[in-house]
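**Q** So the sequences go chain by chain: A and B. Take 1 as the starting number for the first sequence in UniProt numbering and just add one per residue. Take 1 as the starting number for the second sequence in UniProt numbering and just add one per residue. Where a beta carbon is used, it is the ideal one built from N, C-alpha and C, also for glycine.
2 protein chains.
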Amino acid sequence: MANIKDVAERAGVSVATVSRVLNGHSPVAETRERVLAAVRELGYRPNNVARALRTARTGTLGLIIGDLTNPFFTELADAVEDEARSLGYSLVIGNAGERPDQQDDYIRTLLDRQIDGLLVSSAGTGSTMLGEVVASGTPLVLLDRIVPGVDAPCVRADGREALTDLAAHLAALGRRRPAIIVAPAGTPTGDERLRLFRTALAAHGIALPDTCVGATPDLQHTGGRAVMRAFLDLPEPPDAVLATDNLMALGAMDELRARGLRIPEDMALVVYDDVPWFRHADPPLTVIAQPTRELGRAAVHTLLARIEGRDAASVLLPARLVARNSCGEPTGRRVPAPSRAEPV
Amino acid sequence: MANIKDVAERAGVSVATVSRVLNGHSPVAETRERVLAAVRELGYRPNNVARALRTARTGTLGLIIGDLTNPFFTELADAVEDEARSLGYSLVIGNAGERPDQQDDYIRTLLDRQIDGLLVSSAGTGSTMLGEVVASGTPLVLLDRIVPGVDAPCVRADGREALTDLAAHLAALGRRRPAIIVAPAGTPTGDERLRLFRTALAAHGIALPDTCVGATPDLQHTGGRAVMRAFLDLPEPPDAVLATDNLMALGAMDELRARGLRIPEDMALVVYDDVPWFRHADPPLTVIAQPTRELGRAAVHTLLARIEGRDAASVLLPARLVARNSCGEPTGRRVPAPSRAEPV
DNA sequence: TATCCCCGAGAAATCGATTACACGTCGATC
DNA sequence: GATCGACGTGTAATCGATTTCTCGGGGATA
Chain A
1 MANIKDVAER AGVSVATVSR VLNGHSPVAE TRERVLAAVR ELGYRPNNVA RALRTARTGT
61 LGLIIGDLTN PFFTELADAV EDEARSLGYS LVIGNAGERP DQQDDYIRTL LDRQIDGLLV
121 SSAGTGSTML GEVVASGTPL VLLDRIVPGV DAPCVRADGR EALTDLAAHL AALGRRRPAI
181 IVAPAGTPTG DERLRLFRTA LAAHGIALPD TCVGATPDLQ HTGGRAVMRA FLDLPEPPDA
241 VLATDNLMAL GAMDELRARG LRIPEDMALV VYDDVPWFRH ADPPLTVIAQ PTRELGRAAV
301 HTLLARIEGR DAASVLLPAR LVARNSCGEP TGRRVPAPSR AEPV
Chain B
1 MANIKDVAER AGVSVATVSR VLNGHSPVAE TRERVLAAVR ELGYRPNNVA RALRTARTGT
61 LGLIIGDLTN PFFTELADAV EDEARSLGYS LVIGNAGERP DQQDDYIRTL LDRQIDGLLV
121 SSAGTGSTML GEVVASGTPL VLLDRIVPGV DAPCVRADGR EALTDLAAHL AALGRRRPAI
181 IVAPAGTPTG DERLRLFRTA LAAHGIALPD TCVGATPDLQ HTGGRAVMRA FLDLPEPPDA
241 VLATDNLMAL GAMDELRARG LRIPEDMALV VYDDVPWFRH ADPPLTVIAQ PTRELGRAAV
301 HTLLARIEGR DAASVLLPAR LVARNSCGEP TGRRVPAPSR AEPV
């Protein structure tokens with residue numbers, strides 16, 4: 001592979017001139033043409049490793065996501081990638097697999113590769129490396145998940161409005177015994193969703209007793225299924241369930257089907273996160289949709305602000321209720337906002 | 001951030017010694033301990049950019065996938081990532097978004113970053129950069145998709161056996177008018193699946209007329225829906241459809257539902273690629289499952305072989321039919337092989 | 001006791017770019 | 001016509017590691 005020296009020789013100039021031409025620093029017509037011709041003829045492409053060493057900028061952002069096989073994170077990663085790319089950065093995606101140790105491992109790797117900034121959807125709250133990232137001065141932005149004690153802006157969705165709408169929706173449909181499937185207590189995201197849901201229900205005089213709060217240690221579908229099983233075995237089972245993650249919802253649906261129970265007749269189901277196939281499910285699922293792509297975009301901008309030394313605050317974007325048919329509602333309407341047709 | 005010079009000073013040795021200790025080249029007890037202590041105290045971590053410049057090895061592999069939001073590719077990427085990671089490499093994932101120009105862009109970026117090797121699930125066959133990769137000497141392995149004219153080993157699944165089983169399965173269930181939804185003619189993967197399916201059906205005396213071959217220009221669910229619509233408008237609609245991609249299957253299912261048609265009573269449906277939620281669909285879908293994780297693993301090994309200068313041949317792993325209920329089959333059996341319980 | 005070898009460790013070259021500094025040339029100004 | 005500035009370009013330092021070459025000292029052998 002040709003290097004800058006080869007180009008310089010071929011063009012009959014010094015390496016400094018080549019560098020200046022290529023970076024648009026000061027050169028003029030004649031020399032410029034000779035250099036560009038040499039570049040073309042040799043198929044020269046600058047070595048980014050060398051450039052990064054000298055400039056201390058790699059043009060690479062890191063993204064750690066909770067789980068590569070979770071469609072919510074995938075869409076998020078896709079959005080981040082798009083935005084980073086359009087701004088001239090490339091992206092290294094690290095998959096934490098929902099394991100804090102693997103996450104720390106990955107953060108270490110990315111730090112060693114001298115990325116310019118890091119986005120993290122943290123798996124759990126026990127990451128020791130996050131503190132080190134902040135200490136090392138590498139710009140850091142949290143995405144989707146807060147981590148207590150880590151001093152970095154966080155870009156995420158606010159479920160208050162959507163959960164308020166959901167409570168109204170359920171109340172209007174006569175559901176009086178709601179339940180929720182969440183991450184274990186102590187998980188900030190789970191705790192918050194539980195709290196907001198409970199508050200929103202209270203406004204309609206509906207209680208959310210502790211027996212109707214099911215925590216899953218894993219955030220997987222097996223956990224969701226186990227919780228649904230426990231709900232159904234209750235003396236007075238709930239008549240509506242909010243699954244706070246798409247995988248847990250899958251498990252819950254399996255348990256319902258296994259017992260021959262139908263959605264929404266026997267049980268209303270609402271899912272957090274709008275995974276593409278939910279709208280094609282039978283019945284189409286009522287969901288709380290996070291503004292995934294906007295989150296990704298905002299996260300990149302926030303991170304770039306930090307990288308460029310501007311300060312950047314946390315961002316909170318509203319999630320919204322998308323009412324389909326899994327609570328008994330006629331199709332294609334948003335509640336309680338004015339109806340809005342949804343293309344299928 | 002501390003550098004090797006700081007460590008050397010603190011330990012009272014030269015930078016060369018530090019490097020040797022850290023790379024295990026020739027160290028001895030006493031000096032070694034001093035160096036390690038200094039490393040610990042300063043929190044030193046080697047700068048990989050500098051190391052890469054000197055050694056011409058970045059310890060990074062590139063992976064270009066067709067579409068980040070397609071669960072098949074996600075699972076593949078996850079598998080590749082796992083394997084690469086366990087072998088001490090990190091992975092940069094590039095998302096081609098099924099667009100050859102974006103793919104070329106990405107390949108360029110990765111090449112500039114001096115990755116040690118590249119895995120590509122090519123979007124289309126029109127990539128001009130793939131030739132350049134080969135020419136540049138960067139080790140290249142194709143994954144899942146062949147690209148004619150590119151001289152590199154390819155790791156992918158072989159559908160012959162599965163499609164043979166599928167033909168037998170459909171014949172046994174009395175389906176006589178099968179159809180297929182494929183990528184447009186000229187797409188190697190699509191052409192091959194069509195050819196193999198047709199041959200397999202012929203062995204049972206079943207024809208696959210051209211009217212029952214529907215090509216979708218996009219590989220998305222809208223295309224799948226359009227093709228299914230055309231099939232259903234035929235004077236004699238098919239009684240079984242093979243969708244050769246999970247997204248196209250989604251669209252096909254939408255069209256069936258919109259017409260009030262049921263699976264499998266009114267139409268048998270089989271899908272290429274076993275996306276996790278297919279087994280939770282209603283009815284659970286009969287699929288042709290590719291050995292995704294094995295493909296990812298094999299691809300990494302093949303690429304490493306190339307990187308280390310050993311030669312490496314193409315790899316072909318068998319896909320298999322997983323019969324669930326979408327053709328009318330009782331649940332949980334593989335056909336025609338002996339039945340095998342499948343955990344749900 | 002003298003010679004040779006081996007081994008550990010330092011000095012310096014190196015990877016390929018960017019960039020501070022210095023220098024020469026040219027036109028403009030007084 | 002001499003001086004100054006601006007401008008274009010070359011020389012060389014630099015980024016942080018690895019690695020070659022070299023040297024000094026200690027142990028073994030004759």
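1) Determine which residues of the stretch 200 to 229 of chain B have a Cβ less than 8 Å from any Cβ of chain A, and write them out in chain order.
2) Apart from the five residues just before and just after residue 390(B), which ones in its own chain have a Cβ nearer than 7 Å to its Cβ?
3) Please list the residues of the stretch 80 to 91 of chain B that have a C-beta atom closer than 9 Å to any C-beta atom in chain A, keeping them in chain order.
4) Any chance you could list the alpha helix (DSSP H) runs of at least 4 consecutive residues sitting entirely within the stretch 112 to 147 of chain B, in chain order?
5) Mind checking who residue 327(A) pairs with in its DSSP beta bridge?
6) Can at least three beta-carbon pairs, one atom from the stretch 300 to 310 of chain A and one from the stretch 259 to 266 of chain A, be found at a separation below 8 Å?
7) Please confirm whether residue 307(A) and residue 149(A) have their CB atoms less than 8 Å apart.
8) Report buried or exposed for residue 337(B), applying the criterion of at least 16 other Cβ atoms within 10 angstroms of its Cβ.
9) Nearest to residue 288(B) by alpha carbon, out of 72(B), 175(B) and 152(B)?
10) For residue 23(B), count the other beta carbons within 10 Å of its own beta carbon; 16 or more makes it buried, fewer makes it exposed. Which is it?
11) Going by other Cβ atoms of all chains shown within 10 Å of its Cβ, with 16 needed for buried, is residue 41(A) buried or exposed?
12) Please report the Cβ distance between residue 179(A) and residue 204(A), rounded to the nearest whole angstrom; I am assuming they are in contact, meaning their Cβ atoms lie under 8 Å.
13) Quick check on residue 325(A) - is its C-beta less than 8 Å from some C-beta in chain B?
14) Compute the Euclidean distance between the alpha carbons of residue 227(A) and residue 161(A), then round it to the nearest angstrom.
15) Just confirm the distance between the C-beta atoms of residue 15(B) and residue 5(B), as a whole number of angstroms; I'd bet it's less than 8 Å.
16) Quick check: is the beta carbon of residue 20(B) nearer than 8 Å to any beta carbon in chain A?
17) May I have a chain-ordered list of the alpha helix (DSSP H) segments no shorter than 4 residues that lie completely inside the stretch 240 to 322 of chain B?
18) Going along the chain, which unbroken runs of the alpha helix (DSSP H) with 4 or more residues stay wholly within the stretch 169 to 249 of chain B?
19) Quick test of your reading: residue 52(B) and residue 35(B), contact by CB under 8 Å. State the CB separation rounded to the nearest angstrom.
20) On the three-state DSSP scale, how would you describe residue 28(B)?
21) Using beta carbons (cut-off 8 Å, strictly below), is residue 273(A) in contact with chain B?
22) Kindly indicate the opening and closing residues of the beta strand (DSSP E) around residue 157(A).
23) Decide if residue 159(A) is buried, meaning its Cβ has at least 16 other Cβ atoms within 10 Å, or exposed.
24) Would DSSP call residue 95(A) helix, strand or coil?
25) Name, going along the chain, the residues of the stretch 50 to 76 of chain B whose beta-carbon falls closer than 8 Å to a beta-carbon of chain A.
26) Cβ of residue 250(B) less than 8 Å from any chain A Cβ?
27) How many Å lie between residue 341(B) and residue 139(A) at the Cα?
28) In this structure, how does DSSP classify residue 86(A) when only helix, strand and coil are distinguished?
29) Kindly say whether residue 104(B), judged by its beta-carbon, lies nearer than 8 Å to any beta-carbon of chain A.
30) For chain B, check one thing: does any of its Cβ atoms lie closer than 8 Å to the Cβ of residue 245(A)?
31) Determine the DSSP secondary structure at residue 68(B), reduced to helix, strand or coil.
32) Going straight from the alpha carbon of residue 114(A) to that of residue 61(A), what length do you get?
33) State the Cα-Cα distance for the pair residue 328(B) and residue 318(B), rounded to the nearest angstrom.
34) Suppose you measure from the CA of residue 277(A) to the CA of residue 250(B); what does that come to, to the nearest Å?
35) Mind checking whether residue 190(B) and residue 183(B) have CB atoms under 8 Å apart?
36) Quickly, what does DSSP pair residue 62(B) with across the bridge? List them, please.
**A** Judging by the given coordinates:
1) 221
2) Here chain B has residues from 1 to 344 only, and residue 390(B) is not among them.
3) 81, 82, 85, 90 and 91
4) 129 to 136
5) According to DSSP, which records beta bridges pairwise, residue 327(A) is partnered with nothing at all.
6) no
7) no
8) Reliability fails at residue 337(B), whose pLDDT of 41 lies under 50, so the model's placement of it is uncertain and no value is given.
9) 72(B)
10) exposed
11) exposed
12) No, residue 179(A) and residue 204(A) are not in contact; Cβ-Cβ is about 15 Å, not under 8 Å.
13) no
14) 26 Å
15) 6 Å
16) no
17) 246 to 258 and 292 to 307
18) 188 to 202 and 221 to 233
19) About 22 Å separates the two Cβ atoms, so there is no contact after all.
20) coil
21) no
22) 154 to 158
23) buried
24) strand
25) 50, 52, 53, 58, 60, 68, 69, 71, 74 and 75
26) yes
27) The predicted model places residue 341(B) with a pLDDT of 42, which falls under 50 and marks its position as unreliable; any figure quoted below should be read in that light. Approximately 50 Å, taken between the alpha carbons.
28) helix
29) no
30) no
31) coil
32) 9 Å
33) 25 Å
34) 7 Å
35) yes
36) 92(B) and 118(B)
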